[in-house]
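First the structure, in the form of structure tokens, and then the observations on it.
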Amino acid sequence: MDGTTDPQPRRYKSPSDLARAPPSSPPRTARITSTSTTTITTTRRNSPYLPTPTELALLALYPAILLFGAVYAVLSPTVPYPAAAGQQQQQPPPPPPSYFARKDNLLNTLFVKRGWAWITLAFASFVVTHPALAGRRRRLRLLRAAVLRWALVTVWWVFVTQWFFGPALIDRGFRWTGGKCEAVATVVGEGREGPSPAGVVKEVLTAAACKASGGRWSGGHDISGHVFLLVLGSFFLVQEVGWVVARWGRYLGEERCVVMRDGAVKGAAVEAEREGGGRMEGVEEGVGLPVLEALGLGGRFAAAVVGLCVWMLLMTAIYFHTWFEKLTGLLVALAGLYVTYVLPRWVPALRGIVGLPGI
Ligand SMILES: CCCCCCCCCCCCCCCC(=O)SCCNC(=O)CCNC(=O)[C@H](O)C(C)(C)COP(=O)(O)O
Ligand SMILES: Nc1ncnc2c1ncn2[C@@H]1O[C@H](COP(=O)(O)O)[C@@H](OP(=O)(O)O)[C@H]1O
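1 is the number of the first residue of the sequence shown in UniProt numbering; add one for each residue after it.
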């Protein structure tokens with residue numbers, strides 16, 4: 001167990017090794033927790049109503065990226081400001097100042113435009129393969145809660161970008177703020193043709209339908225779908241992977257606090273212990289592993305997806321939309337994240353259903 005008898009000493013096993021190892025194979029040096037050796041420490045009490053300091057620091061990167069993009073777009077001589085400021089210009093757009101200013105760039109077409117599928121794939125590969133979620137007794141409970149949280153953010157993504165009992169919230173918001181499908185309106189205004197012109201205007205309720213009919217979606221507030229998806233998806237992965245790996249490898253000296261049913265505020269680990277979740281019986285812990293190894297294959301895949309999200313967010317910040325449309329994209333994403341990850345900390349009934357990542 002102490003590694004001195006190992007002919008090829010290696011202090012810790014990687015998650016892929018652990019996943020391959022038969023359940024009964026004795027660990028070499030990595031620590032095993034049993035019911036008597038749970039050592040979860042809470043070093044400071046955070047507000048259950050707010051993200052923890054580490055979460056806040058990570059969240060602060062999003063407005064920082066948007067701010068950087070806006071400043072860069074204004075200051076850079078290569079970024080034509082009207083293009084960065086929105087789609088209101090009447091003239092044909094100038095040639096794109098960079099490959100990533102093109103809507104048909106590969107990362108946009110293959111990654112962002114299929115963004116939720118990538119986020120879902122990364123999440124699934126992490127929860128299915130990571131040894132921290134492999135303990136027999138905890139596995140089902142943790143998986144069920146993680147899938148419910150995925151369903152919650154997925155429903156929010158669907159409502160905001162795809163469908164909300166008709167047009168998605170982004171499309172509804174655009175029309176509520178006075179937007180319309182311009183080409184169709186012009187035809188109607190000029191009374192040129194169309195079997196039922198007024199009907200045509202009524203039917204163009206979404207940006208996609210407007211584009212398909214050759215029109216231009218303009219005049220309203222167009223919440224940035226890219227900012228929304230990239231922030232929601234990347235922070236969802238950060239939460240789902242981050243807390244599991246941080247607890248498994250004991251990387252963080254901080255803990256989420258929760259409001260208990262009797263109103264007491266406690267560290268979330270207390271609840272984990274009560275549920276048996278603080279004790280990874282028979283599950284090797286990742287204490288001391290380098291973070292990259294502790295992430296495992298699934299976690300590294302998720303980290304790569306998060307990296308791509310951050311890069312594309314920066315590109316959107318520099319080349320697309322107005323700053324206010326990007327800000328609302330961010331706020332709408334944060335609303336979904338708050339409901340999924342912070343609200344359960346102070347609403348025990350909700351926590352009983354969707355849980356907290358890693359607990
Ligand atoms: C009454 C309750 C009803 C609840 C309804 C819930 C329905 C659940 C459906 C579950 C679907 C899950 C699908 C999961 C797998 C996938 O993700 S497949 C879809 C892949 N597609 C995408 O990822 C599209 C991503 N793109 C976008 O969201 C948008 O294109 C955009 C990037 C936000 C912006 O679009 P623009 O056109 O550029 O403006
Ligand atoms: N990082 C990025 N790379 C390429 N295109 C981007 C982009 N961010 C936004 N766009 C494009 O800008 C338009 C508005 O984006 P959104 O509202 O989703 O934020 C969309 O155009 P299309 O709808 O014509 O593809 C989208 O593809």
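Glycine included, every Cβ here is placed at the ideal spot set by N, Cα and C.
Residue i versus the options, residue with shortest Cα-Cα distance
i	options	result
residue 360	240, 218, 147 and 69	For the chain, the structure presents residues 1 to 359; residue 360 sits outside this window and is missing.
residue 321	114, 140, 107 and 224	224
residue 153	117, 301, 294 and 62	117
residue 128	302, 291 and 53	302
residue 359	144, 109 and 218	144
residue 235	45, 61, 46 and 53	61
residue 243	130, 228 and 169	130
residue 310	269, 106 and 58	58
residue 332	77, 95 and 169	169
residue 150	352, 349 and 336	336
residue 94	107, 78 and 134	78
residue 137	103, 100, 99 and 272	272
residue 98	315, 212 and 248	315
residue 263	348, 115 and 217	348
residue 249	96, 132, 101 and 108	132
residue 229	291, 112, 269 and 213	112
residue 72	323, 334 and 344	323
residue 325	288, 171, 304 and 338	171
residue 341	101, 103 and 146	146
residue 313	45, 51, 46 and 108	108
residue 334	135, 173, 295 and 156	156
residue 163	208, 114 and 139	208
residue 300	115, 288, 139 and 121	121
residue 304	110, 119 and 114	119
Proximal residues to residue i (C-beta, below 8 Å), its chain only, five neighbours per side dropped
i	result
residue 346	48, 49, 258 and 259
residue 175	167, 205 and 220
residue 45	257, 265 and 267
residue 51	59, 341 and 342
Limits of the alpha helix (DSSP H) - the one that residue i falls within
i	result
residue 127	115 to 129
residue 324	323 to 337
residue 211	207 to 212
residue 159	Element bounds for residue 159: n/a, residue is neither H nor E.
residue 57	53 to 75
residue 342	First-last for residue 342: undefined, no H or E at that position.
residue 172	169 to 176
7 Å CB neighbourhood of residue i in its chain, flanking five on each side removed
i	result
residue 266	257, 258 and 260
residue 330	62, 63, 66, 227 and 231
residue 100	315 and 319
residue 96	102
residue 139	133
residue 173	221 and 223
Contact set for residue i: own chain, Cβ-Cβ below 6 Å, skip 5 residues either direction
i	result
residue 328	223
residue 317	65, 66 and 69
residue 76	none
residue 106	none
residue 37	Confidence at residue 37 is low in this model, with a pLDDT of 41, below 50, so the placement of that residue should be treated as unreliable; the coordinate-derived value is given next. So the list is empty, once near-sequence residues are dropped.
residue 195	Any reading at residue 195 needs caution, since the residue's pLDDT is 40, under 50, leaving its predicted position unreliable; the model's value is listed next. Excluding sequence neighbours, residue 195 sits near nothing in its chain.
residue 351	344
residue 210	181, 204 and 217
residue 177	220 and 221
residue 190	Any reading at residue 190 must be qualified, since the residue scores a pLDDT of 41, below 50, and its modelled position is unreliable; the value itself is stated next. Around residue 190: no qualifying Cβ.
residue 247	358
Nearest-angstrom Cβ-Cβ length linking residue i and residue j, presumed shorter than 8 Å
i	j	result
residue 53	residue 254	6 Å
residue 182	residue 233	Going by Cβ atoms, the distance from residue 182 to residue 233 rounds to 31 Å, so no, they are not a contact pair.
residue 298	residue 125	4 Å
residue 123	residue 237	6 Å
residue 56	residue 353	Contact flag wrong, Cβ pair sits at about 25 Å.
residue 356	residue 268	6 Å
residue 218	residue 179	7 Å
residue 291	residue 338	The Cβ separation is near 26 Å, so there is no contact.
residue 245	residue 295	6 Å
Proximity test, Cβ basis, 8 Å: residue i and chain B
i	result
residue 321	Protein chain content of the structure displayed is limited to a single chain, and chain B is not contained in it.
Scan the segment 234 to 302 and note each continuous beta strand (DSSP E) run of 3 residues or more that stays entirely inside, going in chain order. Here the runs fully enclosed are 257 to 259 and 265 to 267.
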